[in-house]
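A.B. asks: The structure is given below, and queries will be raised subsequently.
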């Protein structure tokens, strides 16, 4: 099997770090305890390992193709999508009233990880459909919800998000697509959207495009953007797909990776106008899109975890099999499998530690989302929501940035074979490269982390998390041994570094915005390194308490945490130095434009 | 122009950091001063910018192809190679007596950088030919030198290095190719070699394969490997290519990058035996290969510098052109070109600082090689040779590892467009990935750095370099201002970190080899970061003294050095922590094989 879901590790994070037992106490989640999680995860693991994972290489070699406006997915994908839909997997986290399964986001997070680890290109179709569902549930009318959501959940139809235009990438203020009211409540849309993931394909009977556009009298900038539903086939009164709408795929991109996922250029209204319907109120499109984007950004963060794990699994398998050179300590007279060489071990441990830390942080974020939605106490809900929102840009930015490093190490472990496409390690390196770009680049995540998530509340959420980290640091002190000593030392330094940077950001953002934003991505990475390290420390404390029950499994948790403490956490101090000691912008902005 | 050689920057490094004026005082290099360097570099810049750079994308889209044993290079390559050869560029650093130009390696380094920046795939052919020339000059008989070297220098023929076999990658002890003596002084070779760069092609009349193989009674392991010349066409008495030899290209690889460069599987002796001639003495093949590999490893390090610079140039051009979003400091009411955004500026500054530092370190290494070859004083020669040898694995390992990060940042600067192959930024990300692998992986470089270069002399060379760094730290103290304060502080910390790691390596390598080798790559990176930072500091001191002469140019040197100090040098302390405080192997080796 080319991908084996790390079910035991996932369940460990669910039960020991993300409080699945407490989530099962929330109203509506009574059935969603560890047992349910295990059953769901094991079932998903089967589909992902047996059906989707083998198609991953196929999709890379035989990408989706375009001809005369028609996009044909990689052979095998349409059938796999039918199996995925039939299993109810699109509905895992969506409401029962629209025929979803109504499970916690925490369990869905594990399913999303497996889906993406097995086949990143394939998984993008459900990922974008999730986004469309979220947008409709957030802002759609009851009729819109009834018309579209069950069809999206059943997999009969799929969804897309249409934001980007050639001149409007990160800057949505520049969106130009027009929506002209027709007097009957409908609109006609005209414009070009690019980078539309799964914007056209043959896996479903209809495609529900959610499109940002401007109405004729809309104000300029982001305050004049509205959200529209534009289905590929206009939906009849009875809910069946009717006539072909005036939205056409004029080409798909030739990309570095995720080749099976068609990235479409969509032309709206070249033949009289694409019929669309307003979602929610006019000019509030960006606001709705942001709600949906938080979900999509979290999911892209999971993609980072997923591709890291896939790359790790492949590298471990190769390192155990490939025989080359004697060990430096003279422990064998013959060449040994390369996993016995210290540097290969270091690379694998790095891959493993980063994967585990980013997974744990993401799942913890998902659990905050569940508490934020279902906790009976208003104040608690708000508190969890604030933590979730603080964590989303970190999960998105950090998990995806590190996935490139992990995939790159995966190639390196394979040596020369890693550079040969048939080996397969290179695909992860290529695929991962999109993750820190789409759904908001790392810089966009970092701006969000600074602006909406740190400065707006004066650093309160960050401080609350720091206080929790400080408690963990205290708990580490109670244990003996090198592993705990290392984690105590480095997490403590990491805590201090993050605290100092948060204070710097809050104190200087108004007075010297360039200084603060010059350190935005380093701040995001620092937060990831420290919050990820905190999860590793929590895991280590649990593992120590349970060690006797399963010495190998819990021992590995402690060893991986120690490695993280010694090889990843030290970056925190270096990042702090770049942001704070350097007083931010001086070094970054000292070169003028023409000096570059 | 898609690549403009950074001539001014190169000449700055040559004259201010690498002592070109002193090199011109060495016997045989009297003509090789700054003026010659400038003339040579400007001429090379033309060929590279005008002829080779435009073929780079073409090679990626239309790779070299194999049919029935014949390899056809990308259209345009053969003609470009003729121009390259006609210009005398293959002979830049080779002896005049074999029709080379006899210029210092320092000037050659700049030429190698330009060649590789303009077209990495193309440049590999001359790079391997250089290796073959070095091997023949080192160990060949006078007749062999006369027969082969002038033809290789003229570009009539090209050369290859045949080390790797399917079971023998990093571990050459496992080489199995057989060489059977024929009684007439010749041998017949039988075996399979893989990963042979430009192992077969249509750009030259003959290909001179240098092949590692075992004679019948050779001892096992690396002590039983000999070096053979196996030309594609057996060479006639008169030096002309004669009958086709029994070495055939049975396939070429489908690779992640450097696609125009054919990577051949060569089959020796399937039709009776490939005629070969011993180079030097039997069983000393590895020793000769190592001499040649030092040159090749240095050149691969230059490839890292080169691809970094190319990626940097492309990213800067895009960042100046692409308009998106208003600046965070409110300095403009409209969207501005993205170079005005702090994080884009940070990414570009990172790319620039790493490129400049790795270039400076590599050129400085090259100048030590020149002094080592030509200095009239024996002791001085030995001293420079030792420094050169210490620097080679660092130049190779560090410059190539960072080139991946730089190329990856280059993609990121382009946002979504970076992921589209037509943009071209992705090619550098793919191409760069081979650099830390071939000619010895980073781990192999790091083992060399520890074993032969640090431990063997008890850390003496490293300490000598540290003493020089300490002097630079002192000199920085004499200057005021934030830039100098930052560099003083961080270079001082970097010095201490490197000193502590060198001491740790020397003290523990026998007692606890795993602990030391678990930190081998971190040590290599630390040495790169600190020695690169040292060059930036030296550049800064020169720039300060000359600032009035050219305020923009020298000001940029100071600003780039400050950025390096604040954003790159802090890694030194983190790397030291991973190696020393962690006591090395504990965290790395704590997980047993079956726990992965």
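Protein chains in written order, with our numbering: chain E, 165 to 760; chain G, 165 to 760. We put the beta carbon where it would ideally sit given N, CA and C, even for glycine.
#1: Between the region 350-370 of chain E and the region 428-442 of chain E, are three or more C-beta pairs nearer than 8 Å?
#2: Return the Cβ separation of residue 768 of chain E and residue 340 of chain E in integer angstroms, given the expectation that the two are a contact with Cβ distance under 8 Å.
#3: Is the distance from the Cβ of residue 284 of chain G to the Cβ of residue 361 of chain G below 8 Å?
#4: Answer yes if the region 552-564 of chain E comes into contact with the region 677-695 of chain E, meaning at least three C-beta pairs across the two stretches below 8 Å, and no otherwise.
#5: For the alpha helix (DSSP H) that contains residue 658 of chain E, what are its first and last residues?
#6: Closer than 8 Å, CB to CB, is residue 770 of chain G near chain E or not?
#7: Kindly list the residues whose CB is nearer than 7 Å to the CB of residue 184 of chain E, restricted to its own chain and excluding five residues on each side of it in sequence; keep chain order.
#8: Interface residues of chain E around residue 610 of chain G at Cβ under 9 Å?
#9: Using a cut-off of 7 Å between C-beta atoms, extract the partners of residue 602 of chain G located in chain E.
#10: Across which residues does DSSP place residue 275 of chain E in a beta bridge pair?
#11: Cutting at 6 Å between CB atoms, please list the residues of its own chain near residue 537 of chain G, excluding the five before and the five after it.
#12: Residue 755 of chain E touches chain G at which residues, Cβ-Cβ below 9 Å?
#13: Check whether the Cβ of residue 605 of chain E lies closer than 8 Å to any Cβ atom in chain G.
#14: Tell me whether the beta-carbon of residue 280 of chain G lies closer than 8 Å to the beta-carbon of residue 467 of chain G.
#15: Compute the Euclidean distance between the alpha carbons of residue 268 of chain G and residue 534 of chain G, then round it to the nearest angstrom.
#16: Between the Cα of residue 661 of chain G and the Cα atoms of G/745, G/641, G/607, G/346, which residue gives the shortest distance?
#17: Identify, in the order they occur along the chain, each residue of the same chain with its Cβ nearer than 8 Å to the Cβ of residue 684 of chain G, setting aside the five sequence neighbours on each side.
#18: List the residues of chain E whose Cβ lies closer than 8 Å to the Cβ of residue 489 of chain G, in chain order.
#19: Any beta carbon from chain G within less than 8 Å of residue 166 of chain E's own beta carbon?
#20: In three-state terms, what does DSSP make of residue 754 of chain G?
#21: Which of the residues in the region 415-442 of chain G, read from start to end, lie with their CB under 9 Å from any CB of chain E?
#22: Kindly provide the ranges of any beta strand (DSSP E) runs that are 3 or more residues long and lie completely inside the region 506-554 of chain G, ordered along the chain.
#23: Please go through the region 667-728 of chain G and give each complete alpha helix (DSSP H) segment of 4 or more residues, from N-terminal end onward.
#24: Could you name the residues of chain E that residue 484 of chain G contacts, counting a contact when the two beta carbons are closer than 8 Å?
#25: Report the residues of the region 389-400 of chain G with a CB closer than 7 Å to any CB of chain E, ordered along the chain.
#26: Could you check how far apart the C-beta atoms of residue 743 of chain E and residue 629 of chain E are, in whole angstroms? I think they sit under 8 Å.
#27: Taking all protein chains shown into account, do 16 or more other C-beta atoms lie within 10 angstroms of the C-beta of residue 579 of chain E, making it buried, or fewer, making it exposed?
#28: For residue 673 of chain E versus residue 680 of chain E, is the C-beta distance shorter than 8 Å?
#29: Between which two residues does the beta strand (DSSP E) holding residue 326 of chain G run?
#30: Suppose you measure from the CA of residue 241 of chain E to the CA of residue 335 of chain E; what does that come to, to the nearest Å?
#31: What alpha helix (DSSP H) runs, 4 residues minimum, are completely inside the region 384-446 of chain E?
#32: Quick one: what's got a C-beta closer than 6 Å to residue 214 of chain G's C-beta in the same chain, skipping five residues either side?
#33: Say whether chain E places a C-beta atom closer than 8 Å to the C-beta of residue 359 of chain G.
#34: Apart from the five residues just before and just after residue 338 of chain E, which ones in its own chain have a Cβ nearer than 8 Å to its Cβ?
#35: Determine which residues share a DSSP beta bridge with residue 354 of chain E and list them.
#36: When the Cα of residue 472 of chain G is compared with those of G/564, G/232, G/462, which residue comes out closest?
C.D. replies: Looking at the coordinates:
#1: Judged by Cβ distances under 8 Å, the region 350-370 of chain E makes contact with the region 428-442 of chain E, as three or more pairs qualify.
#2: What the structure shows of chain E is the stretch from 165 to 760, and residue 768 of chain E is not part of that stretch, so it cannot be assessed.
#3: Your numbering for residue 284 of chain G matches position 120 in the second chain. Your numbering for residue 361 of chain G matches position 197 in the second chain. Between residue 284 of chain G and residue 361 of chain G, the gap from beta carbon to beta carbon reaches 8 Å or more.
#4: Pairwise C-beta distances place the region 677-695 of chain E in contact with the region 552-564 of chain E, as three or more of them are shorter than 8 Å.
#5: Taking the first chain and counting its residues from 1, the one referred to as residue 658 of chain E is at position 494. For residue 658 of chain E, the enclosing alpha helix (DSSP H) stretches over residues 646-672.
#6: Missing from the structure shown is residue 770 of chain G; chain G here goes from 165 to 760 and no further.
#7: Reading the first chain from its first residue, position 20 is the one you call residue 184 of chain E. Excluding sequence positions up to five before and after residue 184 of chain E, its CB lies within less than 7 Å of the CB of 178, 197, 198, 201, 270, all in the same chain and listed in chain order.
#8: Position 446 of the second chain holds residue 610 of chain G. Simply 507.
#9: Looking up residue 602 of chain G in the second chain gives position 438. Neighbours of residue 602 of chain G on chain E, chain order: 580.
#10: The count along the first chain starts at 1 and reaches residue 275 of chain E at position 111. Residue 275 of chain E pairs with nothing; no bridge assigned.
#11: Against the second chain, residue 537 of chain G aligns to sequence position 373. Counting only Cβ-Cβ distances below 6 Å, and skipping sequence neighbours, we find nothing.
#12: By 1-based counting over the first chain, the position of residue 755 of chain E is 591. Neighbours of residue 755 of chain E on chain G, chain order: 509, 512, 513, 516, 719, 720, 723, 724, 727.
#13: Reading the first chain from its first residue, position 441 is the one you call residue 605 of chain E. In terms of beta-carbon proximity, residue 605 of chain E lines the interface with chain G, with at least one pair separated by less than 8 Å.
#14: Counting from 1 along the second chain, the entry for residue 280 of chain G is found at position 116. Counting from 1 along the second chain, the entry for residue 467 of chain G is found at position 303. Yes, the pair counts as a contact, with Cβ atoms nearer than the cut-off.
#15: The residue you call residue 268 of chain G lines up with position 104 of the second chain. The residue you call residue 534 of chain G lines up with position 370 of the second chain. Distance between the alpha carbons of residue 268 of chain G and residue 534 of chain G: 6 Å.
#16: For this step, residue 661 of chain G is matched to residue 497 along the second chain. Ranking G/745, G/641, G/607, G/346 by Cα distance to residue 661 of chain G puts G/745 first.
#17: Along the second chain, read from residue 1 onward, the residue named residue 684 of chain G stands at position 520. Closer than 8 Å at Cβ, skipping near neighbours: 607, 610, 611, 613, 614.
#18: The residue you call residue 489 of chain G lines up with position 325 of the second chain. Proximity of chain E to residue 489 of chain G at the Cβ level (cut-off 8 Å) is accounted for by 334, 335, 337, in chain order.
#19: Along the first chain, one-based indexing puts residue 166 of chain E at 2. Interface residue (Cβ-Cβ distance to chain G less than 8 Å): residue 166 of chain E is not classified as such.
#20: In the second chain, the residue the question calls residue 754 of chain G occupies position 590. In the structure shown, residue 754 of chain G sits in coil (DSSP, three-state: anything other than H, G, I, E or B).
#21: Within the region 415-442 of chain G, the residues whose Cβ lies closer than 9 Å to some Cβ of chain E are 417, 418, 419, 420, 421, 422, 427, listed in chain order.
#22: Taking only runs of at least 3 residues, no beta strand (DSSP E) segment lies wholly in the region 506-554 of chain G.
#23: Here the runs fully enclosed are 677-681, 684-710.
#24: By one-based count along the second chain, residue 484 of chain G stands at place 320. Contact of residue 484 of chain G with chain E by beta-carbon distance below 8 Å involves 757, 760.
#25: Listed in sequence order: no entries.
#26: Within the first chain, numbered from 1, the residue matching residue 743 of chain E stands at position 579. Within the first chain, numbered from 1, the residue matching residue 629 of chain E stands at position 465. In this structure residue 743 of chain E is not in contact with residue 629 of chain E, their Cβ atoms being roughly 18 Å apart against a cut-off of 8 Å.
#27: The residue you call residue 579 of chain E lines up with position 415 of the first chain. Classification of residue 579 of chain E: buried, given that the 10 Å Cβ count is 16 or more.
#28: Here residue 673 of chain E refers to the residue found at position 509 when the first chain is read from its first residue. Here residue 680 of chain E refers to the residue found at position 516 when the first chain is read from its first residue. Between residue 673 of chain E and residue 680 of chain E, the CB-CB gap stays under 8 Å.
#29: Mapped onto the second chain, residue 326 of chain G falls at position 162. Residue 326 of chain G -> beta strand (DSSP E) spans 321-326.
#30: Taking the first chain and counting its residues from 1, the one referred to as residue 241 of chain E is at position 77. Taking the first chain and counting its residues from 1, the one referred to as residue 335 of chain E is at position 171. Approximately 34 Å between the Cα atoms of the pair.
#31: The qualifying runs do not exist here; there are none.
#32: Counted from its first residue, the second chain places residue 214 of chain G at position 50. The beta carbon of residue 214 of chain G is closer than 6 Å to none in its chain, skipping five residues each way along the sequence.
#33: Within the second chain, numbered from 1, the residue matching residue 359 of chain G stands at position 195. Residue 359 of chain G counts as touching chain E.
#34: Here residue 338 of chain E refers to the residue found at position 174 of the first chain. Correct list, in chain order: 329, 331, 332.
#35: Position 190 of the first chain, counted from the first residue, corresponds to residue 354 of chain E. DSSP lists E/342 as partners of residue 354 of chain E.
#36: Walking along the second chain from the start, residue 472 of chain G turns up at place 308. Among G/564, G/232, G/462, the Cα nearest to that of residue 472 of chain G is on G/564.
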